[in-house]
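**Student:** So the sequences go chain by chain: A and B.
Residue numbers for the first sequence follow the working numbering, so the first one is 18 and each next one is one higher.
Residue numbers for the second sequence follow the working numbering, so the first one is 18 and each next one is one higher.
There are 2 protein chains.
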Amino acid sequence: MNQLPTAQMASTVESPVETSVETTDYDTPSSRLKLLAHPERLRILDAIRRDAECVCHLEALLDKPQPYVSQQLRLLRDAGLIEDSKQGQNVYYWLVDNEVRTWLEAVLGPAGGALPALTYHKRMIACPCPKCNDEVTRSEVSV
Amino acid sequence: MNQLPTAQMASTVESPVETSVETTDYDTPSSRLKLLAHPERLRILDAIRRDAECVCHLEALLDKPQPYVSQQLRLLRDAGLIEDSKQGQNVYYWLVDNEVRTWLEAVLGPAGGALPALTYHKRMIACPCPKCNDEVTRSEVSV
DNA sequence: AAGATACATGCATAATTCCGTATATATTGT
DNA sequence: ACAATATATACGGAATTATGCATGTATCTT
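1. Measure the alpha-carbon distance for A96 of chain B versus L53 of chain B and round it to whole angstroms.
2. Rounded to whole angstroms, how far is the Cβ of L79 of chain B from the Cβ of I99 of chain B, which I believe are closer than 8 angstroms?
3. Between the Cα of L125 of chain B and those of B:D63, B:D42, B:K81 and B:T45, spot the shortest distance and give me the residue it belongs to.
4. Identify whether D42 of chain A lies in helix, strand or coil by the three-state DSSP scheme.
5. Anything in chain A within Cβ reach of R60 of chain B, meaning under 7 angstroms, just list it in chain order.
6. Anything in chain B within Cβ reach of K17 of chain A, meaning under 7 angstroms, just list it in chain order.
7. Do you know how far the Cα of T41 of chain A is from the Cα of P84 of chain A?
8. Note down, in chain order, every chain A residue with its Cβ under 7 angstroms from the Cβ of A123 of chain B.
9. In whole angstroms, what is the alpha-carbon distance linking R58 of chain A and L92 of chain A?
10. Say whether chain A places a C-beta atom closer than 7 angstroms to the C-beta of P46 of chain B.
11. Does the separation of the CB atoms of R67 of chain B and Y43 of chain A fall below 7 angstroms?
12. Residues bridged to S102 of chain A by DSSP?
13. Given a cut-off of 7 angstroms on the beta-carbon distance, is the pair L121 of chain B and L50 of chain A in contact?
14. Just how far apart, CA to CA, sit T119 of chain A and N107 of chain A?
15. Suppose you measure from the CA of Q104 of chain B to the CA of Q88 of chain B; what does that come to, to the nearest Å?
16. Taking DSSP as the reference, what is the three-state secondary structure of Q83 of chain B?
17. How big is the Cα-Cα spacing for H55 of chain A and A77 of chain A?
Printed below as a string of structure tokens:
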């Protein structure tokens, strides 16, 4: 109840006309924030900001049906937040938008080193991609 | 077929229970991000992060009907992002959530000094509150 | 070539959010 | 007490988003 108006810049507004009103765009940031404002998409973005991940891996991570994951990926891809590359049958996705990367750091903290999400068991069961099951390094997979 | 793990590899994971999988919560941040992911709410938050503002001022800022503004304010208040205080007939709102303040800085940049939005004309027409029309200092409006 | 695997897309419905209108409440002034 | 002002809430339909399911496509294996 103590936070009260402190500024007195009213007196500085002596010329009412033609004061270039510095119209800020709130539509663009809000439409991009909308993509982060979804638990499963946020989880996806958190995963791929560390390293590219294949769809089957994300599928195991979210524990959701494959079409569900692909649909979320499509939204992120269409908005230009992520990119993908096909390696054999697998498609790897990674974060390309640096603005969003900054936002993710503000919201979730810095990207940790290792992926925290998949247990060994879950990976064996649900994610058969080479990156999960062979010892594949990032450079072999990368673009 | 992909290489399958050997039995002894599996044996290194002999205690499947209590492997703290560091379950990250994405529901909480995403539900708060949802409140930012709306152009008018974002504009409100941007306005009141600099200084407390009354409802009539925000009404002029958004150029939306008063109930509309009050409804957005309610969402933000119910989520604990903002607080309010009544001064006479006017109700002033300000940002209390510091986490969200950080997010706003990441998304919109640092809060500027002066409110950019209301022209002198618009203020005279639409915002009759003392802060807008009299030369009111913080102390006069304050508790 | 046929089947299997990994992924994408289209579509329909369910769930949620948006937002306009009507109305209620509290404060101030006459 | 009455009117005017500032703000809040209730309610409902429109618009959007979420998501399950069926199916399509490309690649790999045999």
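Note that beta-carbon positions come from the ideal geometry of N, C-alpha and C, so glycine has one too.
All values reported here derive from a predicted model rather than from experimental measurement.
**Tutor:** Let me lay it out:
1. Each residue's Cα considered, the two are about 11 angstroms apart.
2. Wrong, their Cβ atoms sit about 15 angstroms apart, outside the cutoff.
3. The shortest C-alpha to C-alpha distance from L125 of chain B to any of B:D63, B:D42, B:K81 and B:T45 is the one to B:D63.
4. Residue state, collapsed to three classes: coil.
5. Neighbours of R60 of chain B on chain A, chain order: Y43.
6. Since the displayed chain A opens at 18 and closes at 160, residue 17 of chain A lies outside it and no answer follows.
7. If you take the alpha carbons of P84 of chain A and T41 of chain A, they lie about 37 angstroms apart.
8. Per Cβ cutoff of 7 angstroms: T119, W120 and A123.
9. Between R58 of chain A and L92 of chain A, the C-alpha separation is close to 9 angstroms.
10. Closer than 7 angstroms to some Cβ of chain A, the Cβ of P46 of chain B qualifies, so yes.
11. Not a contact, by the Cβ cut-off of 7 angstroms.
12. DSSP lists A:Y109 as the bridge partner or partners of S102 of chain A.
13. It is not a contact, given that the beta carbons lie outside the stated cut-off.
14. Cα to Cα, T119 of chain A sits roughly 28 angstroms from N107 of chain A.
15. C-alpha separation (whole angstroms): 20 angstroms.
16. Residue state, collapsed to three classes: helix.
17. Taking the Cα positions, H55 of chain A is about 18 angstroms away from A77 of chain A.
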